[in-house]
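Student: Following this message is one structure expressed as C-alpha cells.
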Amino acid sequence: MNLEELLAFAGRHPLLSLALAGLTAAILFTEIARLFRGFKGLRPAELTALVNRDNALVVDLRPMADFEKGHIPGSKNVQLSQFDPESKQLAAAKALPVVLVCKTGQTASGAAARLKKAGFERVFVLDGGIYGWQQADLPLSRGRGR
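Residues in the sequence shown are numbered from 254 upward in steps of one, following my numbering.
Here it is in C-alpha cells:
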C-alpha cells in the first residue's frame, strides 16, 4: 500500500480514519503520561524479585473481605479510605521500595502518585493487580495476614 492508496481510503472512509487518528492520539497520550507519572509498573515476577532482593513493602489496597479471601504472601492490607502516605506505618518505609496492589492495577496508580508526592523514592504498582498475580499462577495467602 502506498500513500496515494492510503489517502484514497481515508477519503472514502472519513469516520474510520477519524477513529484511527483518535485511537492513535489516545495511545500516544497514555504512553507519554506513563513516562512522567513518577512510579513504575511491575510484573508479578519482578515483584517477587523485589521483595526477595530489597525487602519491598507490599501494600494491598483492596477491601478487607477481598484481602482475606486471598492476598500476596507478606502483604499488608491498608483500606484505600485510610491510605495516608504520612502515617507512621508507611513513613517508616520511605527507604524501602513500596509496591501497591489493588484488584486490577488502576486504583493503585492514584495511591502511588500520592506516595511520590509525599517523598517516597521507590514506588511501584503491580501491573494487572491481584488478577495479574493470579494469572501468573503465583500463590495467595488467606486470612488477615500480618
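Just so you know, even glycine gets a beta-carbon here, dropped at the ideal spot from N, CA and C. The structure presented is a predicted model; accordingly, all values stated were derived computationally and were not measured.
Taking the C-alpha atoms as reference points, what is the distance between LEU470 and ARG265?
Tutor: Only positions 254 to 399 of the chain appear in this structure, which leaves residue 470 out of reach.
Student: Let me know if GLY358 comes out buried or exposed under the rule of 16 or more other beta-carbons within 10 Å of its beta-carbon.
Tutor: One-based indexing of the sequence shown puts residue 358 at position 105. By the neighbour-count rule (16 or more Cβ atoms within 10 Å), GLY358 is buried.
Student: Could you tell me the distance, in whole angstroms, from the CA atom of ALA272 to the CA atom of ALA279?
Tutor: As a first step, residue 272 is located in the sequence shown; it is residue number 19 there, counting from the start. As a first step, residue 279 is located in the sequence shown; it is residue number 26 there, counting from the start. Answer to the nearest angstrom: the Cα atoms are 10 Å apart.
Student: Would you check if the distance between the CB atom of PRO338 and the CB atom of PHE373 is smaller than 8 Å?
Tutor: Translated into the one-based positions of the sequence shown, residue 338 becomes position 85. Translated into the one-based positions of the sequence shown, residue 373 becomes position 120. Contact: yes.
Student: Could you give the distance in angstroms between the alpha-carbon of VAL376 and the alpha-carbon of SER394?
Tutor: Walking along the sequence shown from the start, residue 376 turns up at place 123. Walking along the sequence shown from the start, residue 394 turns up at place 141. So the alpha carbons of these two residues sit roughly 23 Å apart.
Student: Might you give, ordered along the chain, the residues of its own chain that have their beta carbon closer than 7 Å to the beta carbon of ALA263, omitting 5 neighbours on each side?
Tutor: As a working note, residue 263 is residue 10 in the sequence shown. Here the set comprises SER270.
Student: List the whole-angstrom C-beta distance separating LEU303 from VAL354, where the pair is believed to meet the contact cut-off of C-beta under 8 Å.
Tutor: For the purposes of this step, residue 303 is taken as the residue at position 50 of the sequence shown. For the purposes of this step, residue 354 is taken as the residue at position 101 of the sequence shown. Actually they do not touch by this definition, with Cβ atoms about 12 Å apart.
Student: For GLY363 and ASP307, what's the separation of their Cα atoms in angstroms?
Tutor: The count along the sequence shown starts at 1 and reaches residue 363 at position 110. The count along the sequence shown starts at 1 and reaches residue 307 at position 54. Spanning the two alpha carbons is a distance of roughly 23 Å.
Student: Could you tell me the boundaries of the alpha helix (DSSP H) in which LYS322 lies?
Tutor: In the sequence shown, residue 322 corresponds to position 69, counting from 1. That run of the alpha helix (DSSP H) goes 317-322.
Student: Does the segment 330-350 touch the segment 254-262, meaning 3 or more C-beta pairs lie closer than 8 Å?
Tutor: With a cut-off of 8 Å, the segment 330-350 and the segment 254-262 do not count as touching, because too few Cβ pairs lie within range.
Student: For a minimum of 4 consecutive residues, which ranges assigned as the alpha helix (DSSP H) are wholly contained in the segment 300-379?
Tutor: As far as the segment 300-379 is concerned, its whole alpha helix (DSSP H) runs of at least 4 residues are 317-322, 341-344, 359-370.
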